[in-house]
Amino acid sequence: MVKSKKLMAVNALILDLPLSIVVTLVALLVGKNFSTQAFIMNCILAYIITFLINMFVPFPKWGFAFASKFAQPATFKFGVFFNILVAAVFTIILDIVMAAVGVLIIAHQPFIVFVFAALGTFIPCYVTAFIVAFICNVPADKLSRAICHEPADYEHK
Numbered sequence: 012m013v014k015s016k017k018l019m020a021v022n023a024l025i026l027d028l029p030l031s032i033v034v035t036l037v038a039l040l041v042g043k044n045f046s047t048q049a050f051i052m053n054c055i056l057a058y059i060i061t062f063l064i065n066m067f068v069p070f071p072k073w074g075f076a077f078a079s080k081f082a083q084p085a086t087f088k089f090g091v092f093f094n095i096l097v098a099a100v101f102t103i104i105l106d107i108v109m110a111a112v113g114v115l116i117i118a119h120q121p122f123i124v125f126v127f128a129a130l131g132t133f134i135p136c137y138v139t140a141f142i143v144a145f146i147c148n149v150p151a152d153k154l155s156r157a158i159c160h161e162p163a164d165y166e167h168k
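Here's what the structure looks like:
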């Protein structure tokens, strides 16, 4: 499960795009705050944040350890358990940062509004992040390994 920094960066660039777009769209729709300007700005911010999460938070190790308790690597069940943790890490960090930016920094609302905004979007964004990560994780891993010419740790099924 050891990946080079180059592989991690390429994988992050590939996986973070759909994750950022879809989670941003869901958050803005749930918050009834969709506009093209807000969508573009939030997508860019979310993409940067998800890239930083991928590069500096060791969630793959946590996800691998968590999923290994319940299933064998490269199985459907393993992917489900792995992505339960991956989606949680991304959603918690993105939800807090994006709600803080939108509610506290841009809208200048009280802290309690931030709390309700973050809590109100958490479950829809978590479900969305889980689905996107589950669908995109294996193709992103295969594509990034092909680009970086690094072999897989195990074969995806």
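So for the sequence shown, the working numbering puts the first residue at 12; every next one is plus one.
Beta carbons are placed, not taken as given, at the ideal position from N, Cα and C, and that holds for glycine.
For K43, does the three-state DSSP call read helix, strand or coil?
-> coil
Run through DSSP, which three-state label would A99 get?
-> helix
Does the Cβ-Cβ distance between F101 and A140 come in under 8 Å?
-> yes
Assuming A151 and I25 make a contact with CB atoms under 8 Å, what is their CB distance in whole Å?
-> 4 Å
Could you check if M66 is buried or exposed, using at least 16 other CB atoms within 10 Å of its CB as the buried criterion?
-> exposed
Indicate whether V143 and V33 have their beta-carbon atoms separated by less than 8 Å.
-> yes
Residue interval of the alpha helix (DSSP H) (run including I158) | F122 to C159
Quick one: is K168 buried, meaning 16 or more other Cβ sit within 10 Å of its Cβ, or exposed?
-> Low confidence applies to K168: its pLDDT is 47, below 50, so where it sits in the model is not reliable, and the reading given next is rough at best. K168 comes out exposed.
Flag this pair as touching only if the region 125 to 137 and the region 98 to 112 have three or more C-beta atom pairs under 8 Å; answer yes or no.
-> yes
Beta-carbon gap between V37 and P135 smaller than 8 Å = yes
Alpha-carbon spacing of K14 relative to N53, whole angstroms = 29 Å
In or out: I117 buried (at least 16 other Cβ within 10 Å) or exposed?
-> exposed
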